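One structure is given here, and the rest of the page talks about it.
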Amino acid sequence: MERRVLFLNPPSYEGFDGGAGSRYQAKREVRSFWYPTWLAQAAALCPNSKLLDAPVEDMNVEDTVAAANGFDVLILYTSAPGFRNDAGLVKRLRQTYPAMLMGMVGPHCTALPEDTLLGCSSLDFVAKGEFDYSVADIAKGKPLSKVEGIAFSRNNRIIHNEDRAPMEDLDALPSVLDVYKRDLNIKKYFIGYLLHPYLSFYTGRGCPGRCTFCLWPQTIGGRRYRTRTPGSVLDEMRRAKDMFPEVKEFFFDDDTFTAKLDRVEEIARGLKNLDITWSSSTRANVPEKTLRIMKESGLRCLMVGIESGSDKILKNIKKGITTSQARRFMRICRDLKISTHATFVLGLPGETKDTIKQTISFVKELDPETIQVSIASPYPGTELYEQALKSGWFVESDLVSCSGVQQVSLEYEDLTGQEIYDAVETLYNKFYFRPRPIIRILGTMIRDKEICKRRLREAKEFFGFMRDRKRTGTGSLSQ
Ligand code: SF4
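First residue of the sequence shown: 22, per this note's numbering; consecutive thereafter.
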């Protein structure tokens, strides 16, 4: 008999976008939630299951404990910033449901399985790496000792079962659409630069990039881009369009959707017949020919990690892309009228006051439609984390503040944490408070009443966030 499984994106912090779809786990400047796709994928393998996205549903610990009633197994997706609070929640759940089998999954468990088990004694197991089939085995009633890819405690000892090989046949996974339909309220998912409502998927796992700070390819996805076939992706898109006619935009949220050019061109040609609007992740190295095919098939926006305006820093983090390549890529996108959302990270190894200035002028020069500025987060399991430990760069082990907002963990000889923290706001201000972005934003607001309402709400949230951020500051960091 299949066990009843609750897949939980936990309420680690209020409004926390930290769960099973977020690469930078933190509360963001405006209400922002990625789909909990990793959990949805595993839930799709367990017919007797439910996916609960507590932050999106504005559920607190009490609500979540009540909602767990009636389940045999709990699968909680934790994160480095959320772990402490998530461990507290599991303890509460254990007191309320002593017989429930409880496990944690996600990159944090993969990087630190023993610490996770020792730090949360109420847990029964952790699943490492891709956890889909490990959880499916547990749902079917397999004893923990026989489940590949997990670690568990027995008689004060931690036992590591054999690792599970990376999944090769991704087409064999059932679609996440039925789980989305059954368990999620898609209207509650917002991403600032995507149309609303949006729907996101993965069409593959892993990334050939070697960026030292990037969490998923170094923990759960791997350095090889394993993909679903174009036919399977297109079938799913056809279904998605029928099942969710209200969706305005589909987002391919693979680490790097454009990592295999022939494949992306084949998918794009197929999407053209579906007449949908779509967007995706990319690196800044896609040739014009491919971008043109993507644009002609309904591509609206590309989310691209530029990270820094300093070639020295790009080299330090093994980005594999130079500022000249980024410049060229952005120019082609502009010519083809592809909108861009560019992401930047401040406080990466080699950052100085000068490189921050370079990044600020580079962002203005590139002039993407929207930007995201994050603080370098040394997640356990990444090369950046090891490098920071060895180099003595840590000044704070908590990656987020007590309200879930990113804080500075690393500082350098010539650059204090406070300077990195302040530079985030400076970069936003220097970019957005210029005539061009203001006119762009006003233009979209005038053209569409819904967007107008949304932008006004986001502006209010953004300024409130920045006010609180300034008030709370970086806490323990040097000034
Ligand atoms: S290219 Fe993007 S997804 Fe790939 S490793 Fe670098 S940052 Fe991560």
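Glycine included, C-beta positions come from ideal geometry on N, C-alpha and C.
If you're wondering where the values come from, they're calculated on a predicted model, not measured in any experiment.
Could you tell me which of the options sits nearest to residue i, measuring between CA atoms?
{"i": "residue 340", "options": "289, 304, 441, 437", "result": "304"}
{"i": "residue 298", "options": "281, 85, 261", "result": "261"}
{"i": "residue 143", "options": "124, 336, 158, 302", "result": "124"}
{"i": "residue 477", "options": "462, 200, 75, 185", "result": "462"}
{"i": "residue 175", "options": "460, 138, 185", "result": "138"}
{"i": "residue 80", "options": "30, 181, 55", "result": "30"}
{"i": "residue 365", "options": "437, 234, 310, 263", "result": "234"}
{"i": "residue 344", "options": "301, 356, 379", "result": "379"}
{"i": "residue 273", "options": "121, 226, 189", "result": "226"}
{"i": "residue 447", "options": "473, 423, 426, 487", "result": "487"}
{"i": "residue 140", "options": "179, 166, 91, 485", "result": "179"}
{"i": "residue 39", "options": "129, 92, 119", "result": "129"}
{"i": "residue 386", "options": "401, 355, 67", "result": "355"}
{"i": "residue 459", "options": "390, 191, 437", "result": "390"}
{"i": "residue 35", "options": "67, 77, 25", "result": "77"}
DSSP three-state label for residue i, please.
{"i": "residue 124", "result": "strand"}
{"i": "residue 405", "result": "helix"}
{"i": "residue 497", "result": "Its pLDDT being 41, under 50, residue 497 is placed unreliably by the model, and the measurement read from it follows with that caveat. In this structure, residue 497 counts as coil in the three-state DSSP scheme."}
{"i": "residue 59", "result": "helix"}
{"i": "residue 378", "result": "helix"}
{"i": "residue 101", "result": "coil"}
{"i": "residue 32", "result": "coil"}
{"i": "residue 390", "result": "coil"}
{"i": "residue 38", "result": "strand"}
{"i": "residue 421", "result": "strand"}
{"i": "residue 342", "result": "coil"}
{"i": "residue 9", "result": "The chain is shown only over 22 to 500; residue 9 falls outside these bounds and no answer can be derived."}
{"i": "residue 247", "result": "strand"}
{"i": "residue 215", "result": "coil"}
{"i": "residue 86", "result": "helix"}
{"i": "residue 96", "result": "strand"}
{"i": "residue 66", "result": "coil"}
{"i": "residue 166", "result": "helix"}
{"i": "residue 279", "result": "coil"}
Using the Cβ count rule (16 or more neighbours within 10 Å means buried), how would you classify residue i?
{"i": "residue 465", "result": "exposed"}
{"i": "residue 243", "result": "buried"}
{"i": "residue 382", "result": "exposed"}
{"i": "residue 221", "result": "buried"}
{"i": "residue 193", "result": "exposed"}
{"i": "residue 454", "result": "exposed"}
{"i": "residue 48", "result": "buried"}
{"i": "residue 361", "result": "buried"}
{"i": "residue 74", "result": "buried"}
{"i": "residue 106", "result": "buried"}
{"i": "residue 276", "result": "buried"}
{"i": "residue 181", "result": "exposed"}
{"i": "residue 492", "result": "exposed"}
{"i": "residue 497", "result": "Because the pLDDT at residue 497 is just 41, under 50, the model does not fix this residue reliably, and the point stays unresolved."}
{"i": "residue 271", "result": "buried"}
{"i": "residue 302", "result": "buried"}
{"i": "residue 239", "result": "buried"}
{"i": "residue 149", "result": "buried"}
{"i": "residue 484", "result": "exposed"}
{"i": "residue 324", "result": "buried"}
{"i": "residue 121", "result": "buried"}
{"i": "residue 164", "result": "exposed"}
With which residues is residue i paired in a DSSP beta bridge?
{"i": "residue 328", "result": "365"}
{"i": "residue 415", "result": "431"}
{"i": "residue 71", "result": "27"}
{"i": "residue 171", "result": "148"}
{"i": "residue 222", "result": "273"}
{"i": "residue 299", "result": "271, 320"}
{"i": "residue 396", "result": "367"}
{"i": "residue 436", "result": "433"}
{"i": "residue 360", "result": "322"}
{"i": "residue 47", "result": "38"}
(request) Would you be able to state if there are at least three C-beta pairs under 8 Å between the stretch 325-337 and the stretch 368-384? (result) yes
(request) Spell out a yes or no on whether the stretch 244-263 and the stretch 404-423 are touching, meaning 3 or more CB-CB pairs, one atom from each, closer than 8 Å. (result) no
(request) Kindly confirm or deny that the stretch 423-433 and the stretch 392-406 touch, where touching means at least three C-beta pairs closer than 8 Å. (result) yes
(message) Three Cβ pairs or more, each shorter than 8 Å: is that satisfied between the stretch 60-77 and the stretch 197-204?
(response) yes
(request) Report yes or no: do the stretch 37-45 and the stretch 91-102 share at least 3 C-beta pairs separated by less than 8 Å? (result) yes
(message) Pairs of beta-carbons, one from the stretch 417-424 and one from the stretch 336-352, closer than 8 Å: are there three or more?
(response) no
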